[in-house]
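Trainee:
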Amino acid sequence: MNYRQVIARAIGDEMAADDRVILLGEDVAAAGGAFKTTVGLLERFGPQRVRDTPISEQAIVGAALGAALMGLRPVAEIMFADFAGVCFDQLANQLAKYRYMSGGQFRVPVTIRMANGAGAGFAAQHSQPAENWLLNVPGLKIAVPATVADLYGLLRTAIRDDNPVVVFEHKNLFAVKGEVGPDAALVPLGVADVVRRGGDLTVVATQQMRHRAVEAAGRLAADGVEATVIDPRTLVPFDDETVVASLTETSRLLVVQEGPAGGSWGASLVARIAQDHFDLLDAPPVLVASDDTPVPYAGPLEDAWLPTVDRIVDQAHRQLAY
Amino acid sequence: MNYRQVIARAIGDEMAADDRVILLGEDVAAAGGAFKTTVGLLERFGPQRVRDTPISEQAIVGAALGAALMGLRPVAEIMFADFAGVCFDQLANQLAKYRYMSGGQFRVPVTIRMANGAGAGFAAQHSQPAENWLLNVPGLKIAVPATVADLYGLLRTAIRDDNPVVVFEHKNLFAVKGEVGPDAALVPLGVADVVRRGGDLTVVATQQMRHRAVEAAGRLAADGVEATVIDPRTLVPFDDETVVASLTETSRLLVVQEGPAGGSWGASLVARIAQDHFDLLDAPPVLVASDDTPVPYAGPLEDAWLPTVDRIVDQAHRQLAY
Amino acid sequence: MSGSLADLSAMLRIRHFEDAVRDLFTRDLVRGSTHLCQGQEAVPVGVCGELAPGDTMTCTYRGHGAVLAMGSPLDRCFGEILGRAGGVCGGRGGSMHLTDASVGALGSNAVVGAQLPIAVGAALAAQHLGTGAVTVTFLGDGATNIGAFHESVNLAAIWRLPVVFVIENNQYGEYSPLATTTPVARLADRAASYGIPGVFVDGNDVGAVRAVAATAVARARAGDGPTLVEADTYRQQGHSRSDPATYRPPGELERWLARDPVTLLADRLTEQGAATPAELDAVRERARAEVSQALERALSWPMPHPDTRLEGVYA
Amino acid sequence: MSGSLADLSAMLRIRHFEDAVRDLFTRDLVRGSTHLCQGQEAVPVGVCGELAPGDTMTCTYRGHGAVLAMGSPLDRCFGEILGRAGGVCGGRGGSMHLTDASVGALGSNAVVGAQLPIAVGAALAAQHLGTGAVTVTFLGDGATNIGAFHESVNLAAIWRLPVVFVIENNQYGEYSPLATTTPVARLADRAASYGIPGVFVDGNDVGAVRAVAATAVARARAGDGPTLVEADTYRQQGHSRSDPATYRPPGELERWLARDPVTLLADRLTEQGAATPAELDAVRERARAEVSQALERALSWPMPHPDTRLEGVYA
Ligand SMILES: Cc1ncc(C[n+]2csc(CCOP(=O)(O)OP(=O)(O)O)c2C)c(N)n1
Ligand SMILES: Cc1ncc(C[n+]2csc(CCOP(=O)(O)OP(=O)(O)O)c2C)c(N)n1
Ligand SMILES: [Mg+2]
Ligand SMILES: [Mg+2]
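Residue numbers (our numbering), protein chains in the order written: chain A, 3 to 324; chain B, 3 to 324; chain C, 146 to 460; chain D, 146 to 460.
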């Protein structure tokens, strides 16, 4: 089973468990999804519950919201996360705020799935870490799974959550393999995964960068440096505690992120740690991020835009030498 | 002259200087703007250059972009900054990226004006610090003027800039008074204003919070604490240098911001300073921000949502006691 | 259908409510902005009058009338506009966000057009759950130019959802007369782009509105899909609090005041012998009294405590 | 108008270009995705053939044909798709963003509908500056359901801007047949919502396309405002690189291949005696040679150097 395939599995398991779960989006039904992430669901659950939509993202998100107000638990797909742009009002001004503005009259159990991320040459409008656009929007929860098990568990948890959860499925991880047994676990929102433990340095990274961080940690170990690698798995809520617990041991924080620094989750984490746990730090907390440019198309440019394993290793050594 | 009135003055001065400057937006012409910020421009420059549009924000921003590609220098108004939501694709995926994606074929001299900010009871969908939504979007410049002179000077500079600049006009500052002489200066993008100098603490704040920071600094002075207050005036580019120069003296950073912390400019600044100037700091850098909630309507709730002068003073004392 | 004494009463309650809100605004008891619907009352009363229990509605910032027409209590609506803890949204929403799920009022929206896809979603739930419920959504004339309108009607049409789109054509979008922003004379004609019926109706004639709404609601309930209704009416006040509406051509307001929906209905009831002058007076008096008593109650309620401000973001 | 040898040549260049891109894709020389337009060549060639110098055009990710039809050089377009420094966008844009301002190709857009308001803006500039220039913008059938379409046509109509909206109705939006997403049979009919002409044309007949485009362009240039053109055609390939298009009903592709626009034009030219078989062969040969030589050149160009990656964000 891979990251791509586990999506239909997770949605299917929730649809089987709860009649109120429906799926809607562009080409999610008959075609099984532009990324083939929803294959088989139409056949299993029928066209009332698995619905192809017109190319109308505002209507997709708004319809999911409206249906949720009336008791359904919609899962809506926005094909590429960049298209959050065309439905940003429904995401940020409606979905996120509906409960609060009404004084708590509604539960809003909507899951929005989007494919994010760079690295495969999709260029400036199909590659963005759009999760960062949604950080200053209280009311949403945000999941950024990096593994098959996490994607499975977080997606199911998102569908069960009574709040809007945006789940980012990273395009460049579709081929990642993993196991999901018959008794596969739900993954709670707001609980980080400590991928690797080491006493010298705390590295925090999500999705594609988590995998690079793990690789970097391996290389660092060969150099005698033991890094803890933490994958927060959700950006909202964010599990600061796990990061802090590691910092009590390592005193050094390195955040690795795909995407520019400004207004990012990485910068927000660095700021929180600097503010609330200044005394824990023996070296400056560092964010390794992408350049302040749109995502370029050509291979050499895009490769340079994404933080590399080399850059992570380098930066780790610099922090240890501090 | 007040903050509200100076807008038409700035736009008018640029329109008089350059035929290619046009103004478009909802009710900007015949009605002189929903906030009366464009009064008189239709009469002065005629309906070809000052255009009322339908309620179609995607078309407004896209048309400004397209016209700029062909040599005009459009100024487009989005009435409330929250409506960035309905045209976010045109702002974030088009306007910001157009030059880069084309390999530098175009100049994109577009100015987008939006009224942002809380404090006047406009509630969750008409009060947001939407400037934070645009931080992770390389390609835009962002201005957040707090005074009459800065609004005048930044707006003119924005119109003259060959790149897209989003200028946020804070609704709660419309009544602020100031002078703009006949030889009023342009204000460069990326140069902070040191509003007040003091050796004990560096406070950075924009717009409404700049005024509160100044008030707080006055109260702190009465307690014997001298704060520097810096207004960055633009968020992109951001004048880190001025902040750092002050920190070499004060070693204490307090950022005050209207709006939640996640993905904000304040968090980004704290992160950059913590990373790049860790050694300058004698106390944790702190961001005073709003709660992680939508903007509430009722007076007591909204008042509590906005950082108060009391909170700033308190926090300053705490940082000094560190 | 021709409108009833009950309709008159409902319209009067809205009229007095709005007059009171205007007054509260001038007394600085309403924050931000407020958008009143005097002159448009026949539309929400006529449309919502054709709904059944379980039906739902979304509307705009100019939605006090629609929310009241769904049956939301006067005092709790006043309370919300006054920012009181006892308001329908606990003071979190205010005038532009009146919402009362208990009567099917699923939300007033302050972003032009944003209420439309949400209504489509509510209708989708009804279709999916087989509840037979219908959703009505109100929008302004100006809102027919925003993208969300197009996407929403199209989606509702292709899925044959039980939703009725009601354009309250009050002739202006803020300060812009319709013709300056919209290149078609009849907004109902835009229905053709979606292969659904488009119906024009005199929105100041509550009976006519009821008739058109009844057909559209029945069509929706029968599973035959959406209808686009254009109800012609007039915003007797300015766009929002601060607008003296000086842009109106001379005589326009007067012409419309001569066709005031409340007066029209009262006159018709008299003509038809459906109500005596004394009965009408009693209805008028009761509406006035209900509104003023409700306002008094709401004014006595406390503001929400700042300590509660984090409540209600997440379930 | 009936199409000419020059049109045939232009269409063949596009055909061979697209065939070559498909081949490059399978050889892993194209990154991300690519959206080909084999079978649709008559639309961009017919429409852009009616433009004059100074006119402009925006299009979609399926825009190779449109950009070439504006006159952008084959080699620099190949270069861009190959991510070479010598590509029209210096390798920053790729297949979905082909842009060549020097020939008026103002941008291929990867967000459905986003190219439309940009075209409206270019037309606004032409109107404002009095240049007499016209802007054409291409969109897919599926794109007529997105909000930006509605806003763009409406704004162009109310301002009578010199823009021509050309729907390339290739019967599918990705994998969805038009009828599953769109409740009207004729997309051109949507023009009625904006009070502008809507014209349907056989998009595989380059002469017919030219005739319709000529009228629409003339209308725009005369200051009479926009036209919505629907050109019926067919996407002979799948939606994008990886799509084998198994969802097509049996026989559909074959029916459309029988009406292939290139073959149609060649046959007509022969029938009309406008070209001899030998002349046709010469055109075919030249197109093939031009394309393969251009590709060879492009393949010899270097990739952009990573050190240049910060260039071009700001002017
Ligand atoms: C997306 C968006 N753009 C602009 C506004 C500002 N605005 C509020 S009401 C209004 C006019 C709406 O006109 P119409 O749809 O006719 O409704 P009416 O107010 O007349 O009831 C505008 C432009 C808004 N709230 N949302
Ligand atoms: C806003 C947006 N939504 C979805 C997509 C994904 N997408 C790319 S092409 C496409 C189909 C477009 O169909 P159509 O408009 O008919 O154009 P065609 O591809 O057939 O030329 C979709 C849904 C997108 N690029 N942008
Ligand atoms: Mg109106
Ligand atoms: Mg198509």
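Glycine included, each C-beta is placed from N, C-alpha and C at the ideal position.
By the DSSP assignment, the beta strand (DSSP E) with A:P262 in it spans what residues?
Mentor: Here the beta strand (DSSP E) through A:P262 covers L255 to P262.
Trainee: In chain A, what lies closer than 8 Å to D:T326 by C-beta?
Mentor: Chain-order list of chain A residues neighbouring D:T326: D54, T55, P56 and I57, by C-beta distance under 8 Å.
Trainee: Check each residue of the segment 291 to 305 of chain D: if its Cβ is closer than 7 Å to any Cβ of chain A, include it; give the result in chain order.
Mentor: I291 and G292: these are the residues of the segment 291 to 305 of chain D whose beta carbon lies less than 7 Å from some beta carbon of chain A, given in chain order.
Trainee: Can you tell me the Cβ-Cβ gap for D:V279 and D:V362, rounded? I've got them flagged as a contact below 8 Å.
Mentor: 5 Å between Cβ atoms; contact.
Trainee: Quick one: is the Cβ of A:L93 within less than 8 Å of any heavy atom of ligand 1?
Mentor: No, Cβ of A:L93 sits at least 8 Å from all heavy atoms of ligand 1.
Trainee: Below 8 Å on C-beta distance, what does C:H242 contact in chain B?
Mentor: The CB of C:H242 comes closer than 8 Å to the CB of A125, A126, Q127 and Y299 in chain B, given here in chain order.
Trainee: Is the Cβ-Cβ distance between D:D220 and B:Q107 less than 9 Å?
Mentor: no
Trainee: Tell whether a beta-carbon distance below 9 Å holds between A:D84 and A:Q127.
Mentor: In contact: A:D84 and A:Q127 (Cβ atoms closer than 9 Å).
Trainee: Pick from D:P189, D:R400 and D:V212: whose alpha carbon is nearest that of D:G348?
Mentor: Of the listed residues, the one whose Cα sits closest to D:G348 is D:P189.
Trainee: When you compare each of A:D91, A:T236, A:E260 and A:G192 to A:H213 by their alpha carbons, which one comes out closest?
Mentor: A:E260
Trainee: For a cutoff of 9 Å on Cβ pairs, would you count D:R335 as touching chain C?
Mentor: yes
Trainee: Cβ closer than 8 Å: which chain C residues qualify as neighbours of A:Y154?
Mentor: Near A:Y154 there are no residues of chain C at all, since even the closest Cβ is about 23 Å away, more than 8 Å.
Trainee: Ends of the beta strand (DSSP E) at C:L251?
Mentor: A250 to N254
Trainee: Rounded to a whole number of angstroms, what is the C-alpha to C-alpha distance between A:W267 and C:N315?
Mentor: 45 Å
Trainee: Exposed or buried, B:R46, counting other C-beta atoms within 10 Å across all chains shown (16 or more means buried)?
Mentor: exposed
Trainee: Give me the chain D residues within the contact set of A:D293, using Cβ-Cβ distance strictly less than 8 Å, ordered along the chain.
Mentor: Simply R454 and L455.
Trainee: Around the C-beta of A:V193, are 16 or more other C-beta atoms found within 10 angstroms, so that it is buried, or is it exposed?
Mentor: exposed
Trainee: For a quick check, are the C-beta atoms of D:T326 and D:M241 less than 9 Å apart?
Mentor: Remark: C-beta atoms of D:T326 and D:M241 do not approach each other more closely than 9 Å.
Trainee: Kindly give me the distance between the Cβ atoms of C:I312 and C:D286, rounded to whole angstroms, as I take these residues to be in contact under 8 Å.
Mentor: With a Cβ gap of about 6 Å, C:I312 and C:D286 count as contacting.
Trainee: Within this structure, are the beta carbons of D:T201 and B:M17 separated by less than 9 Å?
Mentor: No; because the gap between Cβ atoms is not below 9 Å, this pair is not in contact.
Trainee: Considering only their Cβ atoms, is the gap separating A:R115 from A:N77 smaller than 9 Å?
Mentor: A small correction: the amino acid at residue 77 of chain A is Val; Asn does not occupy that position in the sequence shown. Their beta carbons are under 9 Å apart, which means A:V77 touches A:R115 by this criterion.
Trainee: Measuring from the CB of B:R46, is there a heavy atom of ligand 3 at a distance below 8 Å?
Mentor: no
Trainee: From C:A368 to C:L306, what distance separates their C-alpha atoms?
Mentor: The sequence as given places Gly at residue 368 of chain C; Ala does not occur at that position. In a straight line, the C-alpha of C:G368 is about 7 Å away from that of C:L306.
Trainee: What does the Cβ neighbour count give for A:S248, buried or exposed, with the cut at 16 atoms within 10 Å?
Mentor: buried
Trainee: Quick check on the burial criterion: 16 or more other C-beta atoms within 10 angstroms. Buried or exposed for B:P56?
Mentor: buried
Trainee: Measuring from the CB of C:N290, is there a heavy atom of ligand 3 at a distance below 8 Å?
Mentor: no
Trainee: For the 8 Å Cβ check, are there 3 or more pairs between the segment 153 to 168 of chain C and the segment 201 to 213 of chain C?
Mentor: Yes, since at least three Cβ pairs between the segment 153 to 168 of chain C and the segment 201 to 213 of chain C fall closer than 8 Å, the two stretches touch.
Trainee: Write down every uninterrupted run of the beta strand (DSSP E) in the segment 118 to 183 of chain B whose length is 3 residues or greater and which is fully enclosed by it, in chain order.
Mentor: 143 to 145 and 167 to 172
Trainee: Mapping DSSP to helix, strand and coil, what is D:A356?
Mentor: helix
Trainee: Listed in chain order, which residues of the segment 86 to 97 of chain A have Cβ atoms closer than 7 Å to some Cβ of chain C?
Mentor: D91, Q92, N95 and Q96
Trainee: Tell me where the beta strand (DSSP E) around C:G414 begins and ends.
Mentor: The sequence shown places Leu at residue 414 of chain C, not Gly. Counting along the chain, C:L414 falls outside any beta strand (DSSP E), though it belongs to the alpha helix (DSSP H) covering P406 to E416.
Trainee: Could you list which residues in chain C have their beta carbon closer than 8 Å to that of A:S270, in chain order?
Mentor: The premise fails here: A:S270 is roughly 18 Å from chain C at the closest Cβ pair, so nothing lies under 8 Å.
Trainee: Quick one: which residues of the segment 168 to 181 of chain D get their C-beta closer than 9 Å to a C-beta of chain A? List them in chain order.
Mentor: V175, R176, G177 and S178
Trainee: Quick check on DSSP: helix, strand or coil for A:Y299?
Mentor: coil
Trainee: Does any C-beta atom of chain C lie closer than 9 Å to the C-beta of B:W135?
Mentor: no
Trainee: Are the beta-carbon atoms belonging to B:K173 and B:N134 less than 9 Å from one another?
Mentor: Not a contact, by the Cβ cut-off of 9 Å.
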